[in-house]
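These notes concern the structure reproduced below.
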Amino acid sequence: MLTEHPTALPFSLVWFGVGISLTLLATISVWSCRWVSDSGIQSLVGLLAGHALWIGTIEIGLDLASRRLGLAGAIDVVSGRTAGVHGSAVLIQLSCIFLLPILIGLMFHDSNRCVVFQWFRRRLPISNSASPSGRIDNYAPRTMIQFFMTVWVCYVAVLWMADPSLGFLSHVALLMTLVSIAIATPYMIWKTVSQTTPARMLRYSVSGAVVTWTGIEIASATGMMSEPWLRESATSGVIFVGGSVLLTAMSAASLAPMRKTTTTMVQ
Numbered sequence: 033m034l035t036e037h038p039t040a041l042p043f044s045l046v047w048f049g050v051g052i053s054l055t056l057l058a059t060i061s062v063w064s065c066r067w068v069s070d071s072g073i074q075s076l077v078g079l080l081a082g083h084a085l086w087i088g089t090i091e092i093g094l095d096l097a098s099r100r101l102g103l104a105g106a107i108d109v110v111s112g113r114t115a116g117v118h119g120s121a122v123l124i125q126l127s128c129i130f131l132l133p134i135l136i137g138l139m140f141h142d143s144n145r146c147v148v149f150q151w152f153r154r155r156l157p158i159s160n161s162a163s164p165s166g167r168i169d170n171y172a173p174r175t176m177i178q179f180f181m182t183v184w185v186c187y188v189a190v191l192w193m194a195d196p197s198l199g200f201l202s203h204v205a206l207l208m209t210l211v212s213i214a215i216a217t218p219y220m221i222w223k224t225v226s227q228t229t230p231a232r233m234l235r236y237s238v239s240g241a242v243v244t245w246t247g248i249e250i251a252s253a254t255g256m257m258s259e260p261w262l263r264e265s266a267t268s269g270v271i272f273v274g275g276s277v278l279l280t281a282m283s284a285a286s287l288a289p290m291r292k293t294t295t296t297m298v299q
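Using this note's numbering, the first residue of the sequence shown is number 33, and each one after it goes up by one.
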């Protein structure tokens, strides 16, 4: 092992192409739903597009940006050489500079239908207008942005709470957040299954699932558990890739009866 001064990982054109491809895939998928009338399929496509958009632009994009800028969040051994890694985490943490004005704008945006912002607007003297209503022709872009924004907020929050500069407050904040998520998860599951249609259940589950997963990330960050999805093994790849495919298939299957019923009613 060479132990000289650590260097930044090289910029990868292959991963750059993968990031661009995932971003284009998310864009095209959401755009194609303009010809899909089923709100459940629109929501499912939007959810998958949200994953692709986050991985393509943030996970891969910011990682490549950190390599180009020479940023690193930790030092690790890569191919027998010490190198700076996890620079994307530094950029995501600092992205709160952009996230904060977006959240402020959404808070005062009267047409915003996000249940979180609607909850604040009903209880705080923010807006005098009634809650927005009316037909939504395409749920795909809404679901995509819902997933992307929820992951962004949770990611930034956890990274700041885990910042070593906070000292003892960091551990307290992470532990309190983990306990809050553990208490809130059964409620979010109950609210999800209480929705009237499978499509509404799917859309409601997006934010709840991301929040619950944040608790898993906090548990791993505090040493309560290891992260098997980060292990470079065939078993981990099969489990997590296969699990994602299986859950997607189950979601599509649960939406199929709704499409059949809707067609029968129209006929």
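Glycine included, C-beta positions come from ideal geometry on N, C-alpha and C.
Treat the numbers as computed from the prediction; the structure is a model and nothing was measured.
| Query | Result |
| --- | --- |
| In chain order, what residues of the same chain lie with their CB nearer than 6 Å to the CB of A172, ignoring the 5 residues before and after it? | V62, C65, Q74, V77 and G78 |
| If you compare alpha carbons, which of R153, G247, S197 and S212 is closest to V183? | G247 |
| I'd like the list of long-range same chain contacts for W67, defined as Cβ closer than 7 Å, with 5 residues on each side in sequence excluded. | none |
| When you compare the CB positions of T228 and G240, do they come within less than 8 Å of one another, or not? | no |
| Tell me which residue opens and which closes the alpha helix (DSSP H) that V204 is part of. | F200 to V225 |
| Would you call T175 buried or exposed, if buried means 16 or more other Cβ atoms sit within 10 Å of its Cβ? | buried |
| On the three-pair Cβ rule with 8 Å, is the segment 100 to 113 touching the segment 263 to 282? | no |
| Going by Cα to Cα distance, which pick from G82, V50 and S237 is closest to W222? | S237 |
| Based on DSSP bridge pairs, tell me the residues matched to D108. | A115 |
| Taking buried to mean at least 16 other C-beta atoms within 10 Å of its own C-beta, is W151 buried or exposed? | exposed |
| Do you know offhand how far M297's Cα is from V50's? | Note that M297 scores 45 on pLDDT, short of 50, meaning its location in the model is unreliable; the coordinates nonetheless yield the value given after this. For M297 and V50, the distance between alpha carbons rounds to 43 Å. |
| In this structure, how does DSSP classify T229 when only helix, strand and coil are distinguished? | coil |
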